[in-house]
Structure formats: structure tokens, C-alpha cells
Amino acid sequence: MKQLKNSLGFDIGTSKTRIFKGGKLIVETPTQFEYEGEILQNLIVNGKISDFNATEQFLRQEIKKVQNPLFSLFSPALTTIVSVPSDMNEVALRAFRDSFEHAGVKNCYMLFDCLIAAIGLGIDIKNSTSMIVDFGAGKTSITTTQGYKIIKNNILDISGNSLNETIQTYISRKYNLTISKEEAEKLKIEYVDLRRNGAIEKTVRVTGNEKKSKELKEILIESKELADCLALETDLLVDKILGHFEKLDESDSEKIRTNGIYLIGGGLKLKGLIDKISDKINVSDKSYNLDKKYMNIGFEKVQSNPEILYKSMII
């Protein structure tokens, strides 16, 4: 089907939106819209559209970037394949579809993100039971699929953003310093190490505004402080993953135990987090740390194979 091969794949996250075509990432941009000089962020909150009009305009803007205005006059109506969170209800799904249709899309096919990821990781979805943990910027989803159906789904508030907020709160309370979310993200990625062994202690420079005077100030802290302040959340994350697994039917849990769970999402860039999870449960070697282009591959397979699309799309 020509309309699928020429379609655009959309993965709209809390912090970033990625657009795919033919298995290639052609756009990666912050999920935000500039209107009358004001930057509107948080268009997507916990996988749901929070500002319908701004999201529609954002989609128009991004579609315009990748469409050739002359070629589009002679091309078929625009078709999109959209990755959506696995916990979306009918109202949220309708809002997503409406946003794309109002932005000029003729055919909008929606698939759960966990299925696109599974396809991209090379999982034999049709004949398998799989457990996928997606640790994103806005939330973490723990999903078990059987064939193309979701049989169990847990959504956690623990996310890349929540860990940043924990660091901000810790620095504020202990050092009376207000730091930006960008500074917190840098501290998390560069200096937090959750490994029991091998973590190298470092003295870290932190820059922010003193709470009372608002003056710019620089302080020194130990990297272990950052890991310690995230320990409660990351331990809870591991417990929730185990809890999901332990509540599965025995036949399903045995299949997952053998093949391992699949870990995906940008939150797994946190050093030692994968190790912390694999200490408790078998992790598949197809996880994020070994194959970072699973969404590219997933969109490519869906866009080139109508059979896969129709089996996995949300009606």
C-alpha cells in the first residue's frame, strides 16, 4: 500500500517529538509550541494532550517542516502512524486522532508504543508473551503483551522528570539553592551512579540561585549524595517491576523469566539502573542499551507491512 510506505511515523513524548519516514528519524524536536513570543510547553502530560489547540498547531508546524509543498500537490493524502501510550482511554485516543485530523492528516493509524517497540526489538509478538518496561521522561509504563493484546499494564509516576525534581528538591532543602531542571538533568546523567561496585566518587560543582537573595551561586557536593537522594525512587521502581511480574499467571511469568524482560526508554541512560533491575530479574539482551534504534525499526516494519499494522493498530 503506497499510502503506508509514504506515511509519517510520530512518537510524541513529554519532552521530545520524533518523526520517522522509511525507517529513518527525520525530525527530533522539543514537544513545545511558540505562540506570540511565548513558548508553550507541557503539551503532553502523562501521555495525554493537555492543550488541544496548541498541540494541533504544533503538529501542523512539524508536518510542514517535512512536506515538500510542490510534491504534496500530487501526492496521496497524508497518512500518519502514531505511537500512543498503552494506558490511553477512548477519550484520550479520540483527542489524539482529532489533533492529527485537524492538522491536515487524512488517515491516522494509532498503535500502542509498546507494540511498536516490540516489533522494532525483533520480538515474535504473534507467538510470544512479553514484558516491556518503558522508562520515559513523563512516566514509566510496565506492560505485558500476549500476541498483539495487552494483558497487564501498570503506569508509574516515576520518570526521568520526577528524578530531576527529586534532585532539585534535595539541593533546595539542604543547600538553599534553586537549580534549573536542565542543571538537574545534567547532574543526573553525568554524576549519578547506582552501581553497588565501581561507582567513582567525585566532587561536583552545582550552579543555581540562592533562595533568599536570588543571586547566582556555585556550591560543591559529593556525587554520592545525588545517588543517595534517588535511591528511594529507583528502589521503588525495581519493586514495582517485580510486583508486576509476580502477579502474572504462572504460565506467562515462566515465559518471561526465560526470555527476560525488555527495558526501553531514555530514563535508562541513568548509570547503573539497568544493573539494579537485572540484579532482581532476567533482562533481555535486546533491551535499550544494545539496540537504540528500536522505534526506527518498528515504524519501518509497520509502514512496509499492512498485515502487521492491521493486527496491532487500535480500532
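Taken in order, the sequence shown gives residues 1312 to 1626; the numbers are from the numbering used here.
Built from N, CA and C at the ideal position, the CB exists for glycine as well.
All of these numbers come straight from a predicted model, not from anything done at the bench.
{"Asked": "Mind checking residue 1524: buried by the 16 CB within 10 Å criterion, or exposed?", "Found": "exposed"}
{"Asked": "By Cβ distance, which residues of its chain are closer than 8 Å to residue 1425, with the 5 residues on each side in sequence left out?", "Found": "1397, 1443, 1445, 1452, 1454, 1456, 1461"}
{"Asked": "Take residue 1496 as the anchor and find which of 1548, 1577, 1612 has the nearest alpha-carbon.", "Found": "1577"}
{"Asked": "Below 8 Å on the Cβ atoms is my guess for residue 1586 versus residue 1516; work out the distance and round it to an integer in Å.", "Found": "Not really, about 27 Å apart at Cβ, beyond 8 Å."}
{"Asked": "Once you ignore the five residues that flank residue 1473 on each side, which residues in its own chain have a CB closer than 6 Å to its CB?", "Found": "none"}
{"Asked": "Going by the C-beta, is residue 1530 closer than 6 Å to any heavy atom of the ligand MG?", "Found": "Of ligands this structure carries none, so the ligand MG is not represented either."}
{"Asked": "For residue 1531, does the count of other Cβ atoms within 10 angstroms reach 16, so buried, or fall short, so exposed?", "Found": "exposed"}
{"Asked": "Helix, strand or coil for residue 1486? Go by DSSP, reduced to three states.", "Found": "helix"}
{"Asked": "Quick one, are the C-beta atoms of residue 1320 and residue 1430 less than 7 Å apart?", "Found": "no"}
{"Asked": "Under the rule that 16 or more other beta-carbon atoms within 10 Å means buried, what is residue 1552, buried or exposed?", "Found": "buried"}
{"Asked": "Are there 16 or more other CB atoms within 10 angstroms of the CB of residue 1388, so buried, or fewer, so exposed?", "Found": "exposed"}
{"Asked": "Using the three-state DSSP reduction, which class does residue 1518 fall into: helix, strand or coil?", "Found": "strand"}
{"Asked": "Identify, in the order they occur along the chain, each residue of the same chain with its Cβ nearer than 8 Å to the Cβ of residue 1575, setting aside the five sequence neighbours on each side.", "Found": "1428, 1432, 1443, 1444, 1445, 1446, 1598, 1599, 1605"}
{"Asked": "Nearest to residue 1614 by CA position, among 1323, 1333, 1409, 1355, is which residue?", "Found": "1333"}
{"Asked": "Applying the 10 Å Cβ sphere with the 16-neighbour rule, what's the burial state of residue 1513?", "Found": "exposed"}
{"Asked": "Taking buried to mean at least 16 other C-beta atoms within 10 Å of its own C-beta, is residue 1554 buried or exposed?", "Found": "exposed"}
{"Asked": "What first and last residue would you give for the alpha helix (DSSP H) that runs through residue 1562?", "Found": "1561-1570"}
{"Asked": "Provide the residue span of the alpha helix (DSSP H) that contains residue 1609, from first to last.", "Found": "1605-1615"}
{"Asked": "Looking only at its chain, what residues have a beta carbon closer than 6 Å to the beta carbon of residue 1465, apart from the 5 residues adjacent to it on each side?", "Found": "1453, 1555"}
{"Asked": "Could you check if residue 1511 is buried or exposed, using at least 16 other CB atoms within 10 Å of its CB as the buried criterion?", "Found": "exposed"}
{"Asked": "How big is the Cα-Cα spacing for residue 1393 and residue 1520?", "Found": "40 Å"}
{"Asked": "Does residue 1492 come out as helix, strand or coil in the three-state DSSP assignment?", "Found": "helix"}
{"Asked": "Just tell me which of 1478, 1522, 1324 has its CA closest to the CA of residue 1360.", "Found": "1324"}
{"Asked": "State the DSSP-derived secondary structure class of residue 1506, mapped to helix, strand or coil.", "Found": "coil"}
{"Asked": "Between the alpha carbons of residue 1476 and residue 1469, how many angstroms are there, rounded?", "Found": "11 Å"}
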